[in-house]
Amino acid sequence: MTTTHTILITGGAGFIGSHLVRLLVHKYPGYRIVNLDALTYAGNLANLADIEAAPNYSFERGDITQQAYMQELFRKYNFDGVIHLAAESHVDRSITNPLEFVETNVLGTVNLLNVAKEAWKDQPAGKRFYHVSTDEVYGSLGEEGFFTEDTPYDPRSPYSASKASSDHFVRAYFHTYRLPVVISNCSNNYGPYQFPEKLIPLMINNIRENRPLPVYGDGKYTRDWLWVKDHAAAIDLIYHQGKTGETYNIGGNNEWKNIDLVHKLCDIMDDLLGRPAGTSRQLITFVRDRPGHDRRYAIDASKIRNELGWEPSIKFEEGFRQTAQWYLDNADWLQGVLSGAYREYYAKQYF
Ligand code: NAD
Ligand code: DAU
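Just so you know, the sequence shown maps onto residues -12 to 338 in our numbering.
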């Protein structure tokens, strides 16, 4: 089949990136989908084993911060668009090692912007630079209210500060150089292939292994959870139909206090594992809080709903059960990522 459009996806071997790559490879057989990933601890080609031989898919191992390498990649593929997900993504790691987040999330993004600007300067028509970002750039909400696209930025962790900085650079390239950009800011994702440093897979794995369930602080911090495949569908829509220069918020309209979420997970896991009801709740342990912990995130997703017709497709209970079942059915995948490095990280984080 002739290739009609070539997209560079950065960070395609990570959690969200792998769902996006899979969606685009299946949905657009006439496109070439190029996945560029450095394969850090969070990148895993096993996430894409089912599509690695697809004729419209290519994998390139490389680092977005490397200018000459990225220039060569643009020459090789002549990309029509970029969907940029590569990042350091875990808040707790950003607290221990902020510079790594500046390196990848800020310098890596600016390097990519420069390379795209240079590569597209003679033929800008029809190009698109899509930057995938987070709701954490807006800071922390009280009991009421929602983040809209106009909420002022107020990042509070090194991770969110690095993402906010990268968002600002993307907008600056739009205004200064007319680079055809679009940005989305999404709430917490959950689903298969998420690295078990994040709340949901960490809890599922610990329940499975009968280990303590570490809940930070008073457990009343609130997050708005979205099924990862709904995020991938929103990215597809925004890439193809979003307006250049615009920002779209994406959220699940699905707020949970952490402790309620952990209770729910315990109950689902007891059911799936055939344990007596209430068994896993006994593993819950309140631990020291995350420094600067944002109290509540909640997204107003009316812009993407009204302008592009996007909605979350499944209810949390269903997505949550499917997720728990997936981790149980894919114990090999889980075992593969629970390496010595993971155990070392875990021991330091939860001493
Ligand atoms: P992830 O940590 O699972 O994956 C990140 C990927 O980027 C990995 O495959 C890693 O190998 C790759 N990577 C890291 N540094 C790189 C570099 N220098 N060069 C090339 N590749 C590199 O992250 P995720 O949860 O899938 O998040 C993807 C993007 O979506 C991030 O930009 C994140 O900020 C954003 N986001 C995540 C969520 C969420 O809930 N997980 C929500 C909103 C936005
Ligand atoms: O909102 C979008 C963001 O969501 C993304 O940009 C980030 O990449 C992603 O990691 C996520 O950030 P959070 O910090 O919200 O996710 P995390 O899974 O780390 O934590 C969710 C909540 O659970 C948070 O309030 C902290 C709490 N928590 C987390 C862990 C790992 C615990 O109570 N115990 C834990 O062990």
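Every residue, glycine too, gets a C-beta built ideally from N, C-alpha and C.
Closer than 7 angstroms: residue i CB and nearest the ligand DAU heavy atom
{"i": "Val69", "result": "no"}
{"i": "Glu235", "result": "Rather than Glu, the amino acid found at residue 235 in this sequence is Tyr. No, the Cβ of Tyr235 stays beyond 7 angstroms of every heavy atom of the ligand DAU."}
{"i": "Pro85", "result": "no"}
{"i": "Lys251", "result": "no"}
{"i": "Lys185", "result": "yes"}
Closer than 7 angstroms: residue i CB and nearest the ligand NAD heavy atom
{"i": "Ala220", "result": "no"}
{"i": "Glu75", "result": "yes"}
{"i": "Asp50", "result": "yes"}
{"i": "Leu23", "result": "yes"}
{"i": "Val97", "result": "no"}
{"i": "Leu414", "result": "With the chain covering -12 to 338 only, the question about residue 414 has no answer from this structure."}
Local conformation of residue i per DSSP, three classes
{"i": "Asn197", "result": "coil"}
{"i": "Trp313", "result": "helix"}
{"i": "Lys14", "result": "helix"}
{"i": "Trp297", "result": "coil"}
{"i": "Thr121", "result": "strand"}
{"i": "Ser50", "result": "The sequence shown places Asp at residue 50, rather than the Ser named in the question. Residue state, collapsed to three classes: coil."}
{"i": "Leu186", "result": "helix"}
Proximity of residue i and residue j at Cβ, strictly below 8 angstroms
{"i": "Ala221", "j": "Leu259", "result": "no"}
{"i": "Ser174", "j": "Tyr284", "result": "yes"}
{"i": "Ala55", "j": "Trp320", "result": "no"}
{"i": "Gly206", "j": "Phe273", "result": "yes"}
{"i": "Ile225", "j": "Ala288", "result": "no"}
{"i": "Ser267", "j": "Ile194", "result": "yes"}
{"i": "Thr148", "j": "Pro139", "result": "One point to set straight first is that residue 148 is Ala, not Thr, in the sequence displayed. Cβ atoms of Ala148 and Pro139: not closer than 8 angstroms."}
{"i": "Tyr117", "j": "Val69", "result": "yes"}
Residue interval of the beta strand (DSSP E) (run including residue i)
{"i": "Tyr160", "result": "Note, Tyr160: premise wrong, no beta strand (DSSP E); alpha helix (DSSP H) at Pro145 to Tyr164."}
{"i": "Leu(-5)", "result": "His(-8) to Thr(-3)"}
{"i": "Lys244", "result": "Glu242 to Lys244"}
{"i": "His71", "result": "Gly68 to His71"}
{"i": "Tyr284", "result": "Note, Tyr284: premise wrong, no beta strand (DSSP E); not H, not E."}
Span of the alpha helix (DSSP H) around residue i
{"i": "Glu331", "result": "Gly327 to Gln336"}
{"i": "Glu105", "result": "Gly95 to Ala106"}
{"i": "Thr83", "result": "Val78 to Thr83"}
{"i": "Val215", "result": "Val215 to Gln228"}
Proximity winner among the options, relative to residue i (alpha-carbon distances)
{"i": "Ala106", "options": "Glu87, Asp67 and Ser81", "result": "Asp67"}
{"i": "Thr234", "options": "Ser149, Pro42, Ser120 and Glu304", "result": "Ser120"}
{"i": "Phe182", "options": "Ala328, His(-8) and Arg198", "result": "Ala328"}
{"i": "Tyr208", "options": "Val215, Lys244, Asn176 and Trp214", "result": "Lys244"}
{"i": "His218", "options": "Tyr164, Arg9 and Val21", "result": "Arg9"}
{"i": "Gly229", "options": "Met57, Asp109, Arg115 and Gly(-1)", "result": "Arg115"}
{"i": "Thr91", "options": "Gly178, Met(-12), Ser300 and Leu26", "result": "Leu26"}
Min CB distance residue i to chain D below 8 angstroms
{"i": "Ile237", "result": "Looking at the structure shown, chain D is missing, and only one protein chain is on hand."}
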